[in-house]
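Peer 1:
In our numbering, the protein residues as written are -12 to 808.
Right, here's the structure in full:
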């Protein structure tokens, strides 16, 4: 970070952008950990100054926290998991795991960089957990309690179990392949009998271990399917593994024929890799709910017996009184007991303008207190809050996607039945005609060469490569189902703020009276609004500084503004050079008795009619200017809407903003005002997403906020756009990381091309299975040849897919500009 001129110290070896960074440096130097800076610099990351003011970690020492999150060990030590802010690179891992040197009494610190959590083990007789947390904060990583710890631990155990199975299967596959190569070479070069027998027995032993341990997954699934009288792809897979394994074992015992274990272990490993990738995809969907937990604070200020105590949010109950300070998030739904303030509810409603609240008003968890301290009596906590119910809606939406049976699945179900029946017939016919051994050989060849993984490659590979190509164009797609649904036309529901618009308040117009120095007035206005807690005030200050070329000067212009007062009705005032400067809404300005010239009143009305917010600037009781703060429509929105309409989509707007603002945006982008809906809550957006009776097209939701998350999860396809809240990104099926709406058009066009390719590749796969299966059933293909052809056919399908995708969707040029840079 650049060092402000006022903080540069003469003759000092190291300079710091803030007191926080200086504290971190001194801590590392005292502990002999200066190597952190070398590791950090090599990682090429952008650092941000830490904030040390106002941090309190008393809540970590509360008995409630210890009961819920701390594990006590027999040796007297304790351990807990903490979520860390500010992790950026491998140097952070190195530094956090040096915590025992920084805080004596810490036994061990193990960091999971991907999950941003650290497991700390410490000696409670030497230091408390709050001291451990403070030590982490001193080196730049603010800790928080891990929410939903039991579920996270369960997922960790399941991931570990699957990785162990994958590792065992891979190791056995590698060894059986080496043994198989030795046996094939030995058959060609007349290997001596004892060596050949030893290699065959060793290969059988390894293969049986692989079938009995990692392969048990498929046997259990197939057995359950048979018991429930349903068909799934694991039935022929299990049959191929079982018959091939038994046939190989018999041939090892009788010392004749092929043993198949090399081919079976390769097949098993590839199948387990596919299952693990599928499991990771489901985990990403489940993480949507976990991310929403982070939208509410982990601790809060509990008022009890006249004292304020920091406690975990999970410890508060209905009826408790909590203090919520300016800039903090409400931990629960409740009623205001004392205080007046402005509350930003954009998280829940999408409304970008904060609203005034007084004693008796209801507030909701996840909303933010803007200006003044409030005392709130809690009514609903945890999952009973409004945002908790929103979590459940998202969870249901993620798990209960509309049931669309893909063509490949329908073909796969018939394939399982047909292959199973044909295998029984082949075994019976060849058994009666030529005996048991030929019957086993031809049946095993049939099951291996017609393995459903070959048929299943066409669809997932085409989708996987299409998704990879889209990701290179900064369009991230979570599942192939989204591409299939986007290939159809239907209803396209668009949020306004951040989707059709830029999502940030900007200065759209400045109108002032003549005869004054407006550059000077803008600088004074920016200096006053820089002290504001109101989001419109802060945005106005930033916009004015940028407009005058002073956005890099965070320390003001030397103006001495005194007696600054910010009111809840949307305004701020202060004294400058003996004159009162006021900046605020029309209501605030009128209530103060400010004289407003007719031309400024007319300009304010025009701003409000266009959907912008009017802000008056007054000096000494006279309004001198009106600033218009608005959210500009994206430059490509109108063209994108027109293109999507031609592709068979019907665009509509769902927004939490006022109806007149939404209608103005609709007219600008070319959407009929009858389908532009304003003042919509998350629940109302969710109701609009549900499919209507008789509706055949897909329902797609495009949004960027947490208030859109439930609708994104419930829609057949949820699309989050650049700059969206983290929870909305996880609830969505697609994330567009490029600015604008034209990437959405590209996504729809790519989806259509991909579905055409899938249909063609399915025909190729079916043709292969028909030909190869016929040769195996006729006795013209040995199990060895089938084991060789099976991976060759898979490679053939892969080549066709790659060539098709390359022709249909050329890679982006390396010179193509990145719009966010």
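Ideal Cβ positions, reconstructed from N, Cα and C, are used throughout, including at glycine. Since the structure is predicted, the reported quantities are computational estimates derived from the model, not experimental observations.
Rounded C-beta distance between residue 687 and residue 473? I'm assuming under 8 Å.
Peer 2: Working through the chain shown from its first residue, we reach residue 687 at position 700. Working through the chain shown from its first residue, we reach residue 473 at position 486. About 7 Å separates the two Cβ atoms, so the contact holds.
Peer 1: Terminal residues of the continuous beta strand (DSSP E) containing residue 178?
Peer 2: As a first step, residue 178 is located in the chain shown; it is residue number 191 there, counting from the start. Taken as a continuous stretch (DSSP letters only), residue 178 belongs to no beta strand (DSSP E), as it is neither H nor E.
Peer 1: At the level of alpha carbons, what is the spacing between residue 57 and residue 46?
Peer 2: As a working mapping, residue 57 is identified with position 70 in the chain shown. As a working mapping, residue 46 is identified with position 59 in the chain shown. Approximately 13 Å, taken between the alpha carbons.
Peer 1: In this structure, how does DSSP classify residue 659 when only helix, strand and coil are distinguished?
Peer 2: As a first step, residue 659 is located in the chain shown; it is residue number 672 there, counting from the start. In this structure, residue 659 counts as coil in the three-state DSSP scheme.
Peer 1: Roughly how many whole angstroms lie between the Cα atoms of residue 532 and residue 510?
Peer 2: Mapped onto the chain shown, residue 532 falls at position 545. Mapped onto the chain shown, residue 510 falls at position 523. Their backbone Cα atoms lie some 7 Å apart in a straight line.
Peer 1: Can you grab the Cα-Cα spacing for the pair residue 133 / residue 436, in whole Å?
Peer 2: Here the question's residue 133 lines up with position 146 in the chain shown. Here the question's residue 436 lines up with position 449 in the chain shown. C-alpha separation (whole angstroms): 49 Å.
Peer 1: Can you tell which of 327, 568, 478 and 696 has the C-alpha that lies nearest to the C-alpha of residue 640?
Peer 2: If you number the chain shown from 1, residue 640 lands on position 653. Among 327, 568, 478 and 696, the Cα nearest to that of residue 640 belongs to 478.
Peer 1: CA-CA distance, residue 657 and residue 623?
Peer 2: In the chain shown, counting from the first residue as 1, residue 657 sits at position 670. In the chain shown, counting from the first residue as 1, residue 623 sits at position 636. Their Cα atoms are separated by approximately 12 Å.
Peer 1: Could you give the distance in angstroms between the alpha-carbon of residue 604 and the alpha-carbon of residue 584?
Peer 2: Residue numbering aside, residue 604 sits at position 617 when the chain shown is read from its first letter. Residue numbering aside, residue 584 sits at position 597 when the chain shown is read from its first letter. Roughly 12 Å between the two C-alpha positions.
Peer 1: Measure the alpha-carbon distance for residue 608 versus residue 357 and round it to whole angstroms.
Peer 2: Position 621 of the chain shown, counted from the first residue, corresponds to residue 608. Position 370 of the chain shown, counted from the first residue, corresponds to residue 357. For the pair residue 608 and residue 357, the Cα-to-Cα distance works out to about 27 Å.
Peer 1: Can you tell me whether DSSP reads residue 533 as helix, strand or coil?
Peer 2: Working through the chain shown from its first residue, we reach residue 533 at position 546. Correct three-state label for residue 533: helix.
Peer 1: Does the distance from the C-beta atom of residue 732 to that of residue 721 stay below 8 Å?
Peer 2: Within the chain shown, residue 732 is the residue found at index 745, counting from 1. Within the chain shown, residue 721 is the residue found at index 734, counting from 1. The answer is no: Cβ separation not under 8 Å.
Peer 1: Express the C-alpha separation of residue 470 and residue 735 in angstroms, rounding to a whole number.
Peer 2: Reading the chain shown from its first residue, position 748 is the one you call residue 735. Reading the chain shown from its first residue, position 483 is the one you call residue 470. Residue 735 and residue 470: Cα-Cα distance of roughly 8 Å.
Peer 1: Starting from residue 758, follow the alpha helix (DSSP H) in both directions and report where the run begins and ends.
Peer 2: Residue numbering aside, residue 758 sits at position 771 when the chain shown is read from its first letter. Per DSSP, residue 758 belongs to the alpha helix (DSSP H) from 729 to 764.
Peer 1: For residue 130, list the residues DSSP reports as bridge partners.
Peer 2: For the purposes of this step, residue 130 is taken as residue 143 along the chain shown, with counting starting at 1. DSSP lists 71 as partners of residue 130.
Peer 1: Quick one: what's residue 616 bridged to in DSSP?
Peer 2: To locate residue 616, count along the chain shown from 1; it is residue 629. According to DSSP, residue 616 bridges with 494 and 600.
Peer 1: Can you tell me which residues form a DSSP beta bridge with residue 291?
Peer 2: Here residue 291 refers to the residue found at position 304 when the chain shown is read from its first residue. According to DSSP, residue 291 bridges with 294.
Peer 1: Quick one: residues in its chain with C-beta nearer than 7 Å to the C-beta of residue 638, no 5 flanking neighbours on either side, listed in chain order?
Peer 2: For this step, residue 638 is matched to residue 651 along the chain shown. Taken in chain order, the residues that qualify are 479, 481, 628, 631, 632 and 658.
Peer 1: Measuring CA to CA, which of 599, 590, 598 and 619 is closest to residue 613?
Peer 2: For the purposes of this step, residue 613 is identified with residue 626 of the chain shown, where counting begins at 1. For the residues 599, 590, 598 and 619, the minimum Cα distance to residue 613 belongs to 590.
Peer 1: Measure from the alpha carbon of residue 743 to the alpha carbon of each residue in 728, 726, 450 and 460, then state which is nearest.
Peer 2: Position 756 of the chain shown holds residue 743. Checked all of 728, 726, 450 and 460; the closest Cα to residue 743 is 450.
Peer 1: Just the C-alpha distance for residue 663 and residue 524, rounded to the nearest angstrom, thanks.
Peer 2: The residue given as residue 663 occupies position 676 in the chain shown. The residue given as residue 524 occupies position 537 in the chain shown. If you take the alpha carbons of residue 663 and residue 524, they lie about 28 Å apart.
Peer 1: Going by DSSP, which residues form a beta bridge with residue 95?
Peer 2: Position 108 of the chain shown, counted from the start, is the residue given in the question as residue 95. DSSP links residue 95 through a beta bridge to 108.
Peer 1: Since residue 356 sits in a beta bridge, which residues does DSSP pair it with?
Peer 2: Here residue 356 corresponds to residue number 369 of the chain shown, with the count starting at 1. Answer by DSSP bridge pairing, in chain order: 330.
Peer 1: Please report the distance separating the alpha-carbon of residue 757 from that of residue 402.
Peer 2: As a first step, residue 757 is located in the chain shown; it is residue number 770 there, counting from the start. As a first step, residue 402 is located in the chain shown; it is residue number 415 there, counting from the start. The alpha-carbon separation between residue 757 and residue 402 amounts to approximately 10 Å.
Peer 1: Look up residue 722 in the DSSP assignment and say whether it is helix, strand or coil.
Peer 2: Position 735 of the chain shown, counted from the first residue, corresponds to residue 722. Three-state DSSP puts residue 722 in a strand.
Peer 1: Please return the same chain residues whose Cβ sits closer than 7 Å to the Cβ of residue 184, not counting the five positions on each side in sequence.
Peer 2: For this step, residue 184 is matched to residue 197 along the chain shown. Closer than 7 Å at the Cβ level, and outside the excluded window around residue 184, lie 242.
Peer 1: Indicate the three-state DSSP secondary structure (helix, strand or coil) for residue 30 in the structure shown.
Peer 2: Position 43 of the chain shown, counted from the start, is the residue given in the question as residue 30. With a pLDDT of only 40 at residue 30, under the threshold of 50, the placement of this residue in the model should not be trusted, and no figure is reported.
Peer 1: Quick one: using the 10 Å Cβ neighbour count with 16 as the cut-off for buried, is residue 355 buried or exposed?
Peer 2: To locate residue 355, count along the chain shown from 1; it is residue 368. With 16 or more Cβ atoms within 10 Å of its Cβ, residue 355 is classed as buried.
Peer 1: Which of helix, strand or coil does DSSP assign to residue 205?
Peer 2: Translated into the one-based positions of the chain shown, residue 205 becomes position 218. In this structure, residue 205 counts as helix in the three-state DSSP scheme.
Peer 1: Please state the DSSP three-state secondary structure of residue 156.
Peer 2: Here residue 156 refers to the residue found at position 169 when the chain shown is read from its first residue. It is helical.
Peer 1: DSSP beta-bridge partners for residue 65?
Peer 2: If you number the chain shown from 1, residue 65 lands on position 78. Residue pairing by DSSP places residue 65 opposite 59 and 109 in a beta bridge.
Peer 1: Please state whether the Cβ-Cβ distance between residue 673 and residue 698 is less than 8 Å.
Peer 2: Position 686 of the chain shown, counted from the start, is the residue given in the question as residue 673. Position 711 of the chain shown, counted from the start, is the residue given in the question as residue 698. Going by C-beta atoms, residue 673 is nearer than 8 Å to residue 698.
Peer 1: What residues match up with residue 549 in a beta bridge as DSSP calls it?
Peer 2: Walking along the chain shown from the start, residue 549 turns up at place 562. Answer is 562, bridged to residue 549.
Peer 1: Note down the Cα distance separating residue 325 from residue 522, rounded to an integer number of angstroms.
Peer 2: Along the chain shown, one-based indexing puts residue 325 at 338. Along the chain shown, one-based indexing puts residue 522 at 535. Rounded to the nearest angstrom, the two C-alpha atoms are 23 Å apart.
Peer 1: Can you tell me which of the three DSSP states residue 642 falls into?
Peer 2: Counted from its first residue, the chain shown places residue 642 at position 655. Correct three-state label for residue 642: coil.
Peer 1: With a CB to CB cut of under 8 Å and the five nearest residues on each side skipped, what residues in its chain are close to residue 434?
Peer 2: Numbered from its first residue, the chain shown carries residue 434 at position 447. Excluding residues within five positions, the ones whose Cβ falls inside 8 Å are 223, 226, 227, 230, 231, 406 and 410.
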